[in-house]
Each structure stands twice: as structure tokens, then as C-alpha cells.
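Residue numbers (this note's numbering), protein chains in the order written: chain A, 1 to 185; chain B, 1001 to 1340; chain C, 2001 to 2138.
Worksheet: the structure to be examined is printed underneath.
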Amino acid sequence: MRKLFHNEEAQAFTLEGITAALLLLIVTYALFESSVVVSPIWSEYGNIQLKQKGYDVLRSLDVHRTSLNQSACPDLSNLSRNSLQYMLVQLNSSDPQPNSEFLNAMNAMLDPSIKKRLEVYWVNQTNNNTIQSLVLINNTPIPDAVGVGRIIVLYPCEITSQSPFNGSVNDTALAVEVRMILWYV
Amino acid sequence: MVVKEEKGRLSLDMLIGLSIFLFSFIFIGQFLPSVFADTRSEISVFSEAYKVSVLLVEDPGRWINLDSPDEKGFHWENEWYKNNISYRPGLARVGRPGFICLQKLVEFKNATFTNQMTYEDDSWVRDVFGLNTPDRTYHVNITLLKPQSTAYSPYYSKDKYGNVVLAIGPPIPNKKVSRYERVINLPAASDFLNVTKTNPSNENYEVNTTFPLGGALIVIRESINPSAACWVQIKVELENTTSNNILFETIYDLNLTTCNDPSIFGIYPLTSQLNEAYEDLYEEFIDTYNEIPDTNEITLRIKNLNCSVGLSQVGEILGDFETDVEARIVAKLVVTVWEG
Amino acid sequence: MKNINRKDEILKDERGQVLILFSLIVATLIASLSILHAQNLIAGVESSRAFLSFPKDEVRNLKYIVKLDFGHLDSDAEENLIDQIKLLYAAKGTYVDVERVSSSKYKLVYSNTEVYFSEYLSVQDEEIWLPETGGGGG
């Protein structure tokens, strides 16, 4: 027994066992630390969900007009005040703000934890087809934010003289792109 | 060679070395898959939830007659209970993704019930949406919620008789689940709406309701007599019927001596005003009377106007629910999937 | 002198190296499997990203403009509206075109660096107008 413990020969196996174990641990550790392997970024999934929700909300708020009474136009009394159409028609160029009914409906459909920025884009045909834009809800998005959009058609009679779209088209329908940028706080 | 060694000490050395190696090898072997399995299952569960939500919300479903394969189509809701029919449900209207067909919704519930005799068993739903894979079992829960719901406080969409519109699957467990939420459009069907229409000989209307409301909308169409006075007054009233304590708040007040201004006509949503008024009143009620109210009422005073008030426990109402085919009720369809 | 010899002996000992060899093999195995696995995961991410990089909501939006809004417009206004939509999408790097093939038939094209999509649309297709029952048989 004494001989056994005092013997200094042939510790190679123990040493190599330790080396081997260390090697394995180091390799595993390195793998876990490297972002390549455990990659799928969770936020990517959150973003997919958020983007889909943004499209869903825009679709729900877009209430198409089934009939259009050109003589009684802008026919605000037949536009639901929580729809995108009403929000766009009521915009006033001196202080373009979405109406509160629209904002309430939009906020109810999105979670309170989602922040948003709302912009509209349209083509000014009387000014060399330049694209003009207007920020309706001005929040500064974070880099992780996602953007969704939907094109809404406004009819000539709905573009009143107070409208920011006034003068962009010559008595023809206007395509307005509503862009919503969403992110979690 | 080792075995032939005459001195036994070497085998002890070998033993130590080998056991250190094996120990770490086994440790890593055990540890590694569990870490990967975690991310992997999250990812697969998430895409399963996404898949189910898309099949339900964006697709009308399919059916085919196995005896004569030429008979097939999207309207499985009329066929599923017949013999030799193979079908996969979907809830969307044909050619209109995101818009739910009422009949499909009803038949989806019926099919679940017919197959399992309860809405709490998801085995048929799992089967039909391909959630039974050889190496994994999933569970799925599908519910329709009011838009005000969050992950922590769900409010079930209920029709005007108080029945939950859609809740299928076992209760969601208290562990890691994947929740996929879709904002969907339902038709403004009469079952989903409690409509109060004005009647020229009446002026006062009372509606008992529960809060939070999914949606509330008033459509003011025209005045009955443009030269006479007209008004609309909407109040939320909370009462304790034992002590008769009452508290109310007016959320909409329009009062005109002559009713000839067309700008008052329109479609006004009232959802958030009503819900906020209720929350304020509820707290105030407890503070003032030291008791909780047991009746919630919305009182309407409407004179000389042709209008309709729609209250919904399903979701937000958009558009004239009585005349417009594009009118809709917006709710959340939530698909929750977990492994186990 | 003897000590040095022993150290030399240990270092020269070739017997236990099987273990290091084993661990090397195992380590490479783990590493390569992990990389394979990561590829797998990335493929999962990519395919779900592909779900959404396909612009289903944009395409549906365009289809509904054709089906619903064009009915309220004459052919000049229609052309004009298509031009505006083209410009709005061009600003985002996407080519979009709606071409009138016949009086009630349109060809929709949506194309960007990731996706090319085209579909013939018939505005006489009544399906979208069907009521909540989901419409007739078949």
C-alpha cells in the first residue's frame, strides 16, 4: 500500500485523463460561448409575431366603402370613425393629427407594451411625382422595430381643401400608404 | 499490455485517468442535448402555433369526397359530418383571409365536440392540424378574446347570450408555452351584438352589461324632425341593489335645439370611453360607499334621432353594423401551443 | 539524475495517450454535431423568416384595391392610381404592376430581390362579396 501511493511512476494515465476532461470541457464551453451555434435570436420570433399583428391591425382598421355617394362626398357620416379611411379624410393640414376614436381602436388592438410610430406616404403628382410624407404619431423607434404598411385609396371628393393631400392629384383617386412602425418597450 | 503489467499500481493510475475522462464525457453527454433541446423545442413549438393560426385565420379549409374525388371544395362546413368525407377545417371566408366565416366557426366547434364530446380535449384538433408527430406531442389551446385582453388578463369573447364564442383545448399550463396572437375580423352578426334602436315614442333606454366591453358603437343616421330639438346622452351607471347606492358618469352628451346640422350624423365608437368610465366609477364606488356595485348599466337618452347603439362582448365594432356588409367585429384569436 | 530520468520516462510514456485521442475524437464529434445542429436551427429561422418575407399581406392589399376600389373608378383614374402605387412601392425597392388584360381581368405582378409573384385577377369573381355564411356550395 505504502509503495503504491509513494510511487511516482506512470502518472501518465491520470494526467491524460485530466487533460482529456479539460479538453472536452473547453470545447463545450467554447461552443456555448460562440453565438453561431446557439444562434436563433429570440427577438426574431417576437418580430415575426409583431409584424403579423401589425398587418392584421391595419387590415382590421381598413373598412372599404361598399358604396360611394359622389354627391354627398366627403361622406363622413358613413365612415366609421375608428377606421383608417375616416382618420385620413379628417386630417387637417394645419395640424395633422389622427382622431381620438381611431387611436383608441388601434391602441386596443395592439398590446399596451407595443410602441408605435405612424406615417403616411403619398405621391404628389402636381409636383413631379415626388413622394411626400407626414408623421402622425411621432415616436423614435428602436433598431429592433418592424415596419408594416397598407395602401388606402381616397377618392377626389374626400380630399378637401383642408386636407394635407389637397393638390397632390388632379381630380383623381389618391393612393395613401399608411406605415406603422412597431416595437416592444 | 496493461493487463500484463506485473505491478498493480498502473491499473489504479489507469482507473483514475479513465474515470476522470469518463466522468467528464458522461457529464457533457448529459448536459449538451438538454441545452439544445430547449431552444429547439421553443422554435418548433413557435412555428406550430404560427401554423395553426394561419390555417385557421387565413384559410377557408378544404373537403373532398373520398368516394368521388371530383367532389371537393372549400365549404367543408356543409360536408364534414357526411360519410366518406375527408376535410381540414379553416375559418376564413373564401378569398378573404383574416375575415372569419361564422358558419365555419360554428361547425369547427361542432366538429370538435362531435369528435371528443368536450371542448377541453384537443386530440382531434391536434390530429387535424398535424400536431401529432412521431417524436413529440403538443397540446393546443385556441381561444377568441376581446381586443383589450393581454397575455396576463384574458377576457373571453362572448355572444349576446353570454356564451363563450370560441375556447378549445385544455387549460394553458403554468410552463413555457408559445402564444401566437392574431387580430381577426368577424361579421357584425346579430348574435355578437346587443343593439338598441331608437323609437320616436321612447326616449330612455337601459342596457345591463358587463365590463370591459369588447366594443361599443353608436350610429346616428338622421333626425326625425330636423326643426325640433334632439339629444343623445350616454351614461354609465353602477349600482348596489341592496343599499341602492348609485354612481354614474356621462360619457356622451349632445344637445341641440334644432336638429338640422348634418355634421352630427356619423358612426362613433364609444368603447374606450365606456370602459374608462366604468373603471373610474368602480374605484370611486368602493371609496365612497365601502361596498362593491352589483349592477352595471348603460343608460341612453335619445330624442328625435334615428340611431342604433351596438354593444359587443366579442370585440371592437367597425362600420355601420346594420347596413354595411364591410362592417366587422374585431377580436383576437389566440393559439397557444406547448409540448407535453 | 534519477528524477530527471523519471520525468523523461513519464513524458515519453506512450501508453495513456489513448485517452487524449479519445477526447480529441469526442471533442471534434461534439463540435461538428453542434455546427450541424446550428445549421438546422438557422434553417428553421430562415424558413420562418421566409414565411414573412413573402409579402402575403401586401399582395392581398393590392388585390383588394383592384377588386374593391377599381369599381369606383373610370379607366383613366385606374391607370393613374396604378402609377401612384408603382411609385410608392418603387420607393421601397419593389416593382409592382397591375395590368389590365381584359375588361374585367387584371394581371398583378409583385417583384423584389427576394420574391417574384404574379397572378391573374378577375374582378367579376364575386367570392369576396359573399356574406358571412361563406357563400354557396362547392
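Even for Gly, the Cβ is constructed at its ideal location relative to N, Cα and C.
Quiz item: Hey, does S163(A) have any beta-carbon neighbour from chain B nearer than 7 Å?
Solution: Walking along the first sequence from the start, residue 163(A) turns up at place 163. Interface annotation, S163(A): not in contact with chain B, CB-CB separation never under 7 Å.
Practice problem: Closer than 7 Å by beta-carbon distance: list the chain C residues that pair up with G17(A), in chain order. | Solution: The sequence position of residue 17(A) within the first sequence is 17, counting from 1. Neighbours of G17(A) on chain C, chain order: L2019.
Exercise. Report the three-state DSSP secondary structure of D1253(B) (helix, strand or coil).
Key: Numbered from its first residue, the second sequence carries residue 1253(B) at position 253. Strand.
Quiz item: When we look at the beta-carbon of M180(A) and count the other beta-carbons within 10 Å, is it buried (16 or more) or exposed?
Solution: Counting from one through the first sequence, the residue named residue 180(A) turns up at place 180. M180(A) should be labelled buried.
Quiz item: Can you tell me the Cα-Cα spacing of V37(A) and A21(A), whole angstroms?
Solution: The sequence position of residue 37(A) within the first sequence is 37, counting from 1. The sequence position of residue 21(A) within the first sequence is 21, counting from 1. Caution is warranted here: a pLDDT of 46 is assigned to V37(A), below 50, making its placement in the model unreliable, and no coordinate value can be reported.
Self-check item: Under 7 Å between C-beta atoms of E1297(B) and E1249(B)
Solution: The count along the second sequence starts at 1 and reaches residue 1297(B) at position 297. The count along the second sequence starts at 1 and reaches residue 1249(B) at position 249. It is not a contact, given that the beta carbons lie outside the stated cut-off.
Quiz item: Between the region 120-133 of chain A and chain C, which residues of the former have CB atoms less than 7 Å from a CB of the latter, in chain order?
Solution: Across the region 120-133 of chain A, CB contacts with chain C closer than 7 Å involve Y121, V123, N129 and I131, in sequence order along the chain.
Exercise. Identify every run of the beta strand (DSSP E) within the region 1157-1216 of chain B, keeping only runs that are complete inside it and at least 3 residues long; order them along the chain.
Key: Listed in chain order, they are 1178-1187, 1194-1197 and 1204-1208.
Quiz item: At a Cβ threshold of 7 Å, is T160(A) touching chain C?
Solution: Numbered from its first residue, the first sequence carries residue 160(A) at position 160. Chain C, which has no Cβ nearer than 7 Å to the Cβ of T160(A), makes this no.
Exercise. Leaving aside the five residues before and after I41(A) along the sequence, list all residues of the same chain whose C-beta is less than 8 Å from its C-beta, in chain order.
Key: What you label residue 41(A) is simply residue 41 of the first sequence in a count that begins at 1. No answer about I41(A) holds up, because its pLDDT of 49 lies below 50 and its placement is not dependable.
Quiz item: Does the region 1309-1323 of chain B come within contact of the region 57-68 of chain A, defined as at least 3 CB pairs closer than 8 Å?
Solution: In short, these stretches touch, since the Cβ pair count reaches three.
Quiz item: Just by C-beta distance, which residues in the region 2059-2070 of chain C are closer than 7 Å to chain B?
Solution: Against chain B - using a Cβ distance shorter than 7 Å - the residues of the region 2059-2070 of chain C are R2060.
Exercise. Taking I151(A) as the query, report the chain C residues whose CB atoms sit under 8 Å from its CB, ordered along the chain.
Key: Residue numbering aside, residue 151(A) sits at position 151 when the first sequence is read from its first letter. Under the 8 Å cutoff, chain C gives N2061, L2062, I2065, I2085 and L2088.
Quiz item: Between I114(A) and the ligand ADP, is the CB less than 6 Å from at least one heavy atom?
Solution: For the ligand ADP, the structure offers nothing, since it holds no ligand at all.
Quiz item: By Cβ distance below 7 Å, which residues in the same chain neighbour L2036(C) in space, the five residues on each side in sequence not counted?
Solution: Position 36 of the third sequence, counted from the first residue, corresponds to residue 2036(C). Same-chain partners within the cutoff: there are none.
Quiz item: Do E16(A) and G1029(B) come within 7 Å of each other at the CB atom, strictly closer than that value?
Solution: As a position in the second sequence, residue 1029(B) is number 29, starting the count at 1. As a position in the first sequence, residue 16(A) is number 16, starting the count at 1. No, the Cβ-Cβ distance between G1029(B) and E16(A) is not below 7 Å.
Exercise. Step through the CB atoms of chain C and report whether any lies within less than 7 Å of the CB of E177(A).
Key: Start at 1 with the first residue of the first sequence, and residue 177(A) comes out as number 177. So yes, E177(A) belongs to the interface.
Quiz prompt | Bridge partners - Y2095(C), DSSP secondary structure assignment | solution = Position 95 of the third sequence holds residue 2095(C). Answer is S2111(C).
Exercise. Measuring only between beta-carbons, confirm whether N2112(C) sits less than 7 Å from chain A.
Key: Translated into positions along the third sequence, residue 2112(C) becomes position 112. Answer no: the Cβ-Cβ gap between N2112(C) and chain A never drops below 7 Å.
Exercise. Please name the residue in R1182(B), Q1103(B) and Y1152(B) whose C-alpha comes closest to that of I1142(B).
Key: One-based indexing of the second sequence puts residue 1142(B) at position 142. Of the candidates R1182(B), Q1103(B) and Y1152(B), R1182(B) places its Cα closest to the Cα of I1142(B).
Quiz item: Considering only residues of the same chain and omitting the five flanking positions on each side of W1338(B), which have a CB-CB separation below 6 Å?
Solution: Here the question's residue 1338(B) lines up with position 338 in the second sequence. The residues are H1139 and V1177.
Exercise. Indicate whether P1097(B) and G1061(B) have their beta-carbon atoms separated by less than 7 Å.
Key: The residue labelled residue 1097(B) in the question sits at position 97 within the second sequence. The residue labelled residue 1061(B) in the question sits at position 61 within the second sequence. No, the pair does not count as a contact, with Cβ atoms beyond the cut-off.
Exercise. Please list the partners that Y55(A) has in chain C, where partner means a Cβ-to-Cβ separation under 8 Å.
Key: As a position in the first sequence, residue 55(A) is number 55, starting the count at 1. Ordered by position in chain C, the residues that pass the 8 Å Cβ test against Y55(A) are D2057.
Exercise. Rounded to whole angstroms, what's the CA-CA distance from S80(A) to Y1119(B)? Just pull it up for me.
Key: Sequence index remark: in the first sequence, residue 80(A) carries index 80 (1-based). Sequence index remark: in the second sequence, residue 1119(B) carries index 119 (1-based). Cα-Cα distance, rounded: 36 Å.
Exercise. Using the Cα positions of D1122(B) and P1154(B), report the straight-line distance between them to the nearest angstrom.
Key: Taking the first residue of the second sequence as position 1, residue 1122(B) is located at position 122. Taking the first residue of the second sequence as position 1, residue 1154(B) is located at position 154. Using only the alpha carbons, I get a separation of about 20 Å.
Quiz prompt | Assigned exposure category for D1013(B) - 16 Cβ within 10 Å defines buried | solution = Stepping through the second sequence from its first residue, residue 1013(B) is reached at position 13. With 16 or more other Cβ atoms within 10 Å, it is buried.
Quiz item: Could you give the C-beta distance for Y86(A) and N99(A), rounded to a whole number, given that I count them as a contact under 8 Å?
Solution: The residue you call residue 86(A) lines up with position 86 of the first sequence. The residue you call residue 99(A) lines up with position 99 of the first sequence. Correct: roughly 7 Å between the Cβ atoms.
Exercise. Note down, in chain order, each residue of its chain lying with its Cβ closer than 7 Å to the Cβ of A1189(B), except the 5 sequence neighbours on either side.
Key: Within the second sequence, the letter at position 189 stands for residue 1189(B). Sequence-distant partners of A1189(B) (beyond 5 residues in either direction) whose C-beta falls short of 7 Å from its own C-beta, in its chain, are L1102.
Quiz prompt | Range of the contiguous beta strand (DSSP E) that encloses L154(A) | solution = For the purposes of this step, residue 154(A) is taken as residue 154 along the first sequence, with counting starting at 1. Segment V146 to L154, the beta strand (DSSP E) holding L154(A).
Self-check item: Contact with chain C by V135(A), beta-carbon distance below 7 Å
Solution: Within the first sequence, numbered from 1, the residue matching residue 135(A) stands at position 135. So, not an interface residue.
Quiz item: Looking at the structure shown, is G1266(B) part of a helix, part of a strand, or coil, going by DSSP?
Solution: Taking the second sequence and counting its residues from 1, one reaches residue 1266(B) at position 266. Assigned with DSSP and collapsed to three states, G1266(B) falls in strand.
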